[in-house]
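Step one of this worksheet: look at the structure below.
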Amino acid sequence: MTEEEIEANALSDPDNPPLTDEELARMRRVPNPRAIRERLKLTQEQFATKFEVPLGTLRDWEQGAREPDSAARTLLRVIDKDPESVVNALARTYLPLAPAVPDSRS
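Under the working numbering, the first residue of the sequence shown carries the number -13, and numbering increases by one thereafter.
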């Protein structure tokens, strides 16, 4: 079977119609954790430590056992765009909130 025949058969499959342009536009790509990590030249252990992601979770994402949830996808997108800002944000120490002052009107 030629490539053209394969494509024609796929396009005519009633159980799996091709996506419309509108459907494709609504889809969001899931960031590829392995590609991001490899682009940064980090091992799994280094990436997990640097970006505070549990190592087992990172491995599950990379092996396809689990997909990152919405918050994790956002984190991965930000890491992909500006990894140093993420490292800087995670390195900041925050002061604890001041204790609540009792209401003197009681």
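Heads up, the beta-carbon is just placed ideally off N, CA and C, and yes, glycines get one too.
CA nearest to the CA of L76, picked from V64, P3 and V87: V64
Contacting residues, own chain, Cβ-Cβ under 6 Å from T(-12) (five flanking each side not counted): none
For K27, three-class secondary structure by DSSP: coil
Residue nearest to R59 in terms of C-alpha spacing, selected from E(-7), I22 and L5: Taking only the C-alpha atoms, the option nearest R59 is I22.
CB contact below 8 Å: P19 versus chain B: Of the chains in the structure shown, none is chain B; there is only one protein chain.
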